Amino acid sequence: MGFSFHRPDTIDAAISFAGVHGEDARFIAGGTDLIIQINRRRLAPRHLISLAGLGLDRISETSGEYVIGAMATHDAVVTYPGFQHELIALAEASAVIGGRQVRNIATVGGNIVNASPAADLVPVLLTLDAVVELRGPAGARSLPLDRFLVERGRTVRRPDEILTSVRFAKPPTASATAFLKAGRRKAMEISVICVAAHLVRGGKARIAVGAAASRTVRVRDAEALVERQGAGAFHEAGRLAAAEVTPIDDVRASARYRDLLVAALVERALASCAERIGKANP
Amino acid sequence: MTRQALDLTINGESHQLAVEPHWSLLHVLRRELGMTGTKENCLEAECGVCTVLLDGKAVNACILLAEQCRGRSIVTIEGLGDPEHLHPLQSAFIEHGAVQCGYCIPAMILTAKSFLDERRGHVPSEAEVREALSGTLCRCTGYQKIVEAVIAAARQLNSWPEEARRAS
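Protein chains in written order, with the numbering used here: chain A, 23 to 304; chain B, 8 to 175.
Here you go:
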């Protein structure tokens, strides 16, 4: 195990350094997954390029949207005042990632770029139609998170591109989000299934399922049904969602159990959204 | 790999070190500085015995590179009170018999400190304490008395004047 550690002063310096070293270099955000992969000798980069100190750790809002810097920690998401009401699912997801020691280091950008199908924040961001911002040698580009993710461990990010932030529109007042996670125990657990939902009263419905298959997916048939039929269709939406995803069998759970979880958690997350909208808008 | 110069502030003291880039903060604390109060076990951020405070927040020193701590301030169990002047968490752990084998206790105390410091003036519920400590495992499974000790320490800290709390 041997790598050199670099702390570039600017984002552009980080990008050009990555361009020179190609596959030999890796960006390091919090490093809570990367360092473990290196220690297990699954990865052996020769250069680590730190993204700390480049001003990427801020969470900010404009009149129309929120922007989460890639280096913002999960702890920062949990405590951000803007994520305590309509967007509480962001805080709910970040709050169950690892223990607090991990949440104080692990970043939002890392959770996305790592492309783990069990990344808890990703389904929530998908339900918010989030857009990721990338910077590379040719400049900046942005694309929907849904198109950024390819499959387990793979995104469309090029090796010399940095994910700088993720952004999404502020939701209307009569809307809500919810995040639910099933694991084998309550804390410090990798999701067996995680589900996020986002409902706008009289408007759109978004539902995403993580940890079921090779990537986190939106379940569009279930969304369309809820948009057409509303609260009466939550149970059926759960059944449809389970039909839309093809869960894996693995050490954590069987495919059959995951199917049951998807149906139950989707229905529950939708019901939670409806209840939250009702409470906040009596 | 060549070593690089690294200044770390640990327990308020500045240390000039020469570190290999792949060294974790845990390695530097235990092997370079002999500060063995911070324990070494799973090395994958699962068990939490390596917990230290980085700029006041609990982190796993096993998966944090020493390089990532450049310019930041670290507190280990060696920096929290001494036998004559125990921190309220340390006193509470003793009073409640919260220490069995003792292996996880430095990490338990620092995890609890980071949690209590974030919510000054608030006495946490048992459920909140259990959640806060969930990243730090006790091999003796002696959680009940640990949780009771943390709640007692929170009460004690809340009764202190603000300046004393800030200095703790």
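Glycine included, every Cβ here is placed at the ideal spot set by N, Cα and C. Values in this document were obtained by computation on a predicted structure and should not be read as measured data.
Whether GLY260 (chain A) touches GLU289 (chain A) by CB criterion (7 Å): Remark: C-beta atoms of GLY260 (chain A) and GLU289 (chain A) approach each other more closely than 7 Å.
* Asked: Comparing the C-beta of THR129 (chain A) with each C-beta of chain B, is any distance below 7 Å?
  -> Output row for THR129 (chain A): interface = no.
| message | I need the DSSP call for PHE306 (chain A), collapsed to helix, strand or coil. | response | What the structure shows of chain A is the stretch from 23 to 304, and residue 306 (chain A) is not part of that stretch, so it cannot be assessed.
My output table needs one value for LYS192 (chain A): the three-state DSSP class, helix, strand or coil. The DSSP-derived three-state label of LYS192 (chain A) is coil.
Range of the contiguous alpha helix (DSSP H) that encloses PHE170 (chain A)
Unbroken alpha helix (DSSP H) run through PHE170 (chain A): 167-170.
query: When you check each C-beta in the stretch 129-149 of chain B against every C-beta of chain A, which residues fall closer than 9 Å?
result: Sequence-ordered contacts of the stretch 129-149 of chain B with chain A read ARG137, GLU138, ALA139, LEU140, SER141, GLY142, THR143, LEU144 [C-beta pairs closer than 9 Å].
Looking at the C-beta of ASN48 (chain B), does it have a partner C-beta in chain A at a distance below 7 Å?
So, not an interface residue.
Quick one: is THR84 (chain A) buried, meaning 16 or more other Cβ sit within 10 Å of its Cβ, or exposed? With fewer than 16 Cβ atoms within 10 Å of its Cβ, THR84 (chain A) is classed as exposed.
Could you tell me whether the stretch 116-127 of chain B touches the stretch 53-63 of chain B, where touching means 3 or more Cβ pairs closer than 8 Å?
Touching, per the Cβ criterion.
Are the CB atoms of ASP243 (chain A) and GLU266 (chain A) within a distance shorter than 7 Å?
Against a cut-off of 7 Å, the Cβ pair of ASP243 (chain A) and GLU266 (chain A) comes out as a contact.
Tell me the DSSP secondary structure of THR101 (chain A) in three-state form.
Helix, per DSSP.
Practice problem: Compare the Cα-Cα distances from ALA134 (chain B) to each of B:SER80, B:ARG38, B:ILE158 and report the closest residue. | Solution: Measuring from the Cα of ALA134 (chain B), the nearest candidate turns out to be B:ILE158.
- Message: Please give the ranges of any alpha helix (DSSP H) in the stretch 101-161 of chain B, keeping only runs that are unbroken, at least 4 residues long and fully inside the region.
- Response: Fully contained in the stretch 101-161 of chain B are the following alpha helix (DSSP H) runs of length 4 or more, in chain order: 112-125, 133-139.
query = Along the chain, which unbroken stretches of the alpha helix (DSSP H) at least 4 residues long are found entirely within the stretch 246-289 of chain A?
reply = Taking only runs of at least 4 residues, the alpha helix (DSSP H) segments lying wholly in the stretch 246-289 of chain A are 256-266.
TODO: Taking C-beta pairs closer than 7 Å, name the residues in chain B that PHE190 (chain A) reaches, listed in chain order.
DONE: Within chain B, no residue has its CB atom less than 7 Å from the CB of PHE190 (chain A), the nearest being about 26 Å off.
Supposed contact pair ALA140 (chain A) and ASN133 (chain A) - C-beta distance, whole angstroms, cut 8 Å: So it is not a contact: roughly 10 Å between Cβ atoms.
- Query: ASN67 (chain B) bridges to which residues according to DSSP?
  - Reply: BP columns for ASN67 (chain B) point to B:THR58.
### Task
Answer yes or no: does any C-beta atom of chain A fall closer than 7 Å to that of GLY55 (chain B)?
It does: the Cβ of GLY55 (chain B) has a partner Cβ on chain A nearer than 7 Å.
- So LEU32 (chain B) packs on ALA73 (chain B), CB below 8 Å; how close in whole Å? Going by Cβ atoms, the distance from LEU32 (chain B) to ALA73 (chain B) rounds to 5 Å, so yes, they are a contact pair.
Does any CB atom of chain A fall closer than 7 Å to the CB of ALA161 (chain B)? By the rule that beta-carbons nearer than 7 Å mark a contact, ALA161 (chain B) does not touch chain A.
Subject >> CA-to-CA distance, ILE229 (chain A) to ASP151 (chain A), given in whole angstroms >> reply: Approximately 11 Å, taken between the alpha carbons.
Quiz item: Roughly how many angstroms separate the alpha carbons of THR83 (chain B) and ARG223 (chain A), rounded to a whole number?
Solution: Taking the straight line from one Cα to the other gives about 50 Å.
Buried versus exposed, by CB contacts within 10 Å (16 or more), ASN303 (chain A): ASN303 (chain A) comes out exposed.
message = Check whether the stretch 199-208 of chain A and the stretch 177-188 of chain A touch, using three or more Cβ-Cβ pairs below 8 Å as the test.
response = The stretch 177-188 of chain A and the stretch 199-208 of chain A do not touch, with fewer than three beta-carbon pairs separated by less than 8 Å.
(message) Once DSSP output is grouped into helix, strand and coil, what is the label at LYS203 (chain A)?
(response) Residue state, collapsed to three classes: strand.
_Cross-chain neighbours of THR54 (chain A) in chain B, by beta carbon under 9 Å_ = Those are ALA52, ASN67, ILE70, LEU71, listed as they occur along chain B.
- prompt: With DSSP run on the structure shown, which of helix, strand or coil describes THR95 (chain A)?
  reply: Three-state DSSP puts THR95 (chain A) in a strand.
* Mind checking the stretch 26-38 of chain A against chain B and listing, in chain order, the residues whose C-beta falls within less than 7 Å of any C-beta there? => Correct list: SER26, PHE27.
**Asked** Is it buried or exposed for GLY121 (chain A), if we count other Cβ within 10 angstroms and need 16 for buried?
**Response** Answer is buried; the Cβ neighbour count reaches 16.
So for SER187 (chain A), helix, strand or coil by DSSP? Three-state DSSP puts SER187 (chain A) in a strand.
Original post:
Mind checking if LYS120 (chain B) is an interface residue toward chain A, Cβ cutoff 7 Å exclusive?
Top reply: When Cβ-Cβ separations below 7 Å define contact, LYS120 (chain B) makes no contact with chain A.
Boundaries of the alpha helix (DSSP H) in which ASP34 (chain A) is found, first to last residue:
Where ASP34 (chain A) is concerned, the enclosing alpha helix (DSSP H) stretches over 33-43.
Open item on the list: Please confirm whether PRO28 (chain B) has its beta-carbon closer than 7 Å to some beta-carbon of chain A.
Closed with: Closer than 7 Å: yes.
- Query: Would you say the stretch 48-56 of chain A touches the stretch 67-74 of chain A, given that touching needs at least three Cβ pairs under 8 Å?
  - Reply: Yes: at least three Cβ pairs fall under 8 Å.
Residues of chain B with a CB under 8 Å from the CB of VAL210 (chain A): which are they?
-> The displayed chain sequence assigns Met, not Val, to residue 210 (chain A). GLU53, SER141, GLY142, listed in chain order.
Where does HIS22 (chain B) sit, in a helix, a strand or coil, going by DSSP?
Looking at HIS22 (chain B) - three-state DSSP - the assignment turns out to be strand.
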